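Colleague: My questions all concern the structure below.
In our numbering, the protein residues as written are 825 to 1318.
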């Protein structure tokens, strides 16, 4: 018991990169991007590392070889993931490992701390001169917002990087040999669940709707994970004034004394908000006199730079990114320049083809009902391609709200019947086609059926409202196959 208390005290002091990590006995549960990065960082600091993971992909086998050369023990197979090895002092879990995993349960019973890679990254920051974190979470829009923010910071001459749930593993950004001035951090609900001491400079919760309920176990648990992005925020907490839950969660958060609450809205902004005034993205939060608003840019400016009118969701993301950047004293001109130079990430509402007067839109990243609802609300007369893994989410409100827009629906994926049932209830006159194939050729079939339902002037929208890995390697492959099939209808080469 005394040894356990001594070790717990030592772990409490592992709060910066110069701490004594050597000889700490650590298990990294799960490989992939974050697991590999965590194991590598620990090995570099002299920790004894054992990596446990499921059957490896080719890439994970290569990662294992590298880690073994560096001194780690690597074991693949479920039989190694039931309980921590003897004398384990710390467990680092990959984001996909849920709290009910047998290994995690056994670690908790043995009083072994369990951290995620984000928590480890925070605790390995340099003791002096560490880059501040600007953190972003939300059910939808995280990657768009964090990459916009990254460009704003760079436009201001900052050495900045977007990391976390996008691109670079956070611990790699923190330990980069050429230090960053600031890190724009995208955080998933999984990553937030396994973090407990992160104290960001500024933080943002974009929106919240039920998602990943299979992982979290309940909407309350998912909401609590998302809300934790505000905890210990030092300077500014950004909330969505059009999403009451984000404001309530901010009010309940334990932030550093003096941290400001800054709202963003698609309506006219009040004091300490950013919003829209007669087609102008306006700031009433970071101006000398908050009775007045400062122009960031216009919707017309964004339309010219994008080549099409931005959706409300896109504008909201831009306002949130601007709020975070302005909280870090990025000049307004740099915010504007970055927004006008920004190119959206793929599979987020891109027009991929126009054939026979029908517009084909790829929003494969709409992996939950909230994102699909936002995509559907931006179009009229739509043939909707949807389905996949709903992850416990309810589609009743989504279908009810979109019913009047639907010209037809084509459904595929493991949970397609749930969407079909909702359509039968709320849109009984809408023709529905269900694709039974579980192979990637199902997208070709879906596109052909959608083409037969669409008329000139319609939009065919891929907004699945569901995850993709029942049939595809991920949402990018799903979107690429959709785009290729849509272009093939008009004889275009992909």
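Even for Gly, the Cβ is constructed at its ideal location relative to N, Cα and C.
Note that the structure is predicted; figures quoted are calculated from it, not measured.
Can you tell me whether residue 910 is helix, strand or coil according to DSSP?
Modeller: Residue state, collapsed to three classes: coil.
Colleague: Return the CA-CA distance between residue 1143 and residue 1084, expressed in angstroms with no decimal places.
Modeller: Their backbone Cα atoms lie some 16 Å apart in a straight line.
Colleague: Using 8 Å for Cβ pairs, my map puts residue 1058 next to residue 1024. What's the rounded Cβ distance?
Modeller: So it is a contact: roughly 7 Å between Cβ atoms.
Colleague: Does the segment 870-880 come close enough to the segment 930-937 that 3 or more CB-CB pairs lie under 8 Å?
Modeller: Contact fails: fewer than three Cβ-Cβ distances are below 8 Å.
Colleague: Could you tell me the distance, in whole angstroms, from the CA atom of residue 1141 to the CA atom of residue 891?
Modeller: Near 38 Å, if we compare the C-alpha coordinates of residue 891 and residue 1141.
Colleague: Buried or exposed, going by whether 16 or more other CB atoms sit within 10 Å of the CB of residue 793?
Modeller: Residue numbering for the chain in the displayed model covers 825 to 1318; residue 793 lies beyond these limits and cannot be assessed.
Colleague: Evaluate residue 1132 with the Cβ neighbour count: other Cβ atoms within 10 Å of its Cβ, from every protein chain shown; 16 or more gives buried, anything less gives exposed.
Modeller: Per the 10 Å Cβ criterion, exposed.
Colleague: Given that a residue counts as buried once 16 or more other Cβ atoms are within 10 Å of its Cβ, and exposed if not, what is residue 887?
Modeller: The residue is buried, with at least 16 neighbouring Cβ atoms inside 10 Å.
Colleague: So who's on the other strand from residue 1146, going by DSSP bridges?
Modeller: None, per the DSSP bridge assignment.
Colleague: What is the DSSP secondary structure of residue 1010, counted as helix, strand or coil?
Modeller: Correct three-state label for residue 1010: strand.
Colleague: Assuming contact is defined by CB atoms lying nearer than 8 Å, are residue 995 and residue 913 in contact in what I supplied?
Modeller: Result no, Cβ atoms of residue 995 and residue 913 do not sit closer than 8 Å.
Colleague: So, using beta-carbon positions, are residue 1149 and residue 1098 closer together than 8 Å?
Modeller: Cβ atoms of residue 1149 and residue 1098: not closer than 8 Å.
Colleague: Out of 1027, 981 and 910, which has the shortest C-alpha to C-alpha gap to residue 1011?
Modeller: Of the candidates 1027, 981 and 910, the one whose C-alpha sits nearest the C-alpha of residue 1011 is 1027.
Colleague: Taking a contact to mean a Cβ-Cβ separation below 8 Å, would you say residue 960 touches residue 1030 in this structure?
Modeller: Contact flag set, yes.
Colleague: Quick one: residues in its chain with C-beta nearer than 8 Å to the C-beta of residue 1298, no 5 flanking neighbours on either side, listed in chain order?
Modeller: 1292.
Colleague: Could you have a look at residue 858 and say whether DSSP puts it in helix, strand or coil?
Modeller: Three-state DSSP puts residue 858 in a helix.
Colleague: May I ask you to report which of helix, strand or coil DSSP gives residue 1127?
Modeller: Helix, per DSSP.
Colleague: Helix or strand or just coil, what does DSSP make of residue 1303?
Modeller: In the structure shown, residue 1303 sits in a helix (DSSP, three-state: H, G or I).
Colleague: Leaving out five residues before and five after residue 1266 in sequence, what residues of the same chain have Cβ atoms less than 7 Å from its Cβ?
Modeller: Counting only Cβ-Cβ distances below 7 Å, and skipping sequence neighbours, we find 1236, 1259 and 1295.
Colleague: Could you give the residue range of the alpha helix (DSSP H) that holds residue 1225?
Modeller: Here the alpha helix (DSSP H) through residue 1225 covers 1220-1226.
Colleague: Tell me the DSSP bridge mates of residue 1088?
Modeller: In the DSSP output, where bridge partners are listed per residue, residue 1088 has 1064 and 1098.
Colleague: Output yes or no for whether 8 Å exceeds the beta carbon distance between residue 1231 and residue 1282.
Modeller: Contact: yes.
Colleague: Expressed to the nearest angstrom, what Euclidean distance is found between the alpha-carbon atoms of residue 1307 and residue 1261?
Modeller: When rounded, the distance between both Cα atoms is 19 Å.
Colleague: Could you say if the segment 1190-1200 and the segment 1209-1227 meet the contact criterion of at least three C-beta pairs nearer than 8 Å?
Modeller: The segment 1190-1200 is in contact with the segment 1209-1227.
Colleague: Can you give the beta carbon distance from residue 1184 to residue 1177, rounded, assuming they're within the 8 Å contact cut?
Modeller: Sure, about 4 Å apart at Cβ, within 8 Å.
Colleague: Assign residue 1309 to one of two classes, buried (16 or more other C-beta atoms within 10 Å of its C-beta) or exposed (fewer than that).
Modeller: Label assigned to residue 1309: buried.
Colleague: Under a Cβ-count criterion, where at least 16 other Cβ atoms within 10 Å of its own Cβ denotes burial, should residue 1009 be classed as buried or exposed?
Modeller: Its Cβ being crowded by 16 or more others within 10 Å, residue 1009 is buried.
Colleague: Would you tell me roughly how many angstroms separate the C-alpha atoms of residue 1072 and residue 1050, rounded to the nearest one?
Modeller: Each residue's Cα considered, the two are about 12 Å apart.
Colleague: For residue 1119, which of helix, strand or coil comes out of DSSP?
Modeller: The answer is strand: DSSP assigns residue 1119 an E or B state.
Colleague: What residue range is occupied by the uninterrupted alpha helix (DSSP H) comprising residue 885?
Modeller: 882-894 is the span of the alpha helix (DSSP H), which, as asked, contains residue 885.
Colleague: Using the DSSP secondary-structure output, state which residues sit across from residue 899 in a beta bridge.
Modeller: 876.
Colleague: With DSSP collapsed to three states, give me the class of residue 1217.
Modeller: DSSP places residue 1217 in coil when its eight states are reduced to three.
Colleague: When you compare the CB positions of residue 1042 and residue 1016, do they come within less than 8 Å of one another, or not?
Modeller: Result no, Cβ atoms of residue 1042 and residue 1016 do not sit closer than 8 Å.
Colleague: With a threshold of 8 Å, are at least 3 pairs of Cβ atoms found where one atom belongs to the segment 915-926 and the other to the segment 969-984?
Modeller: Output reads no: the segment 969-984 does not touch the segment 915-926.
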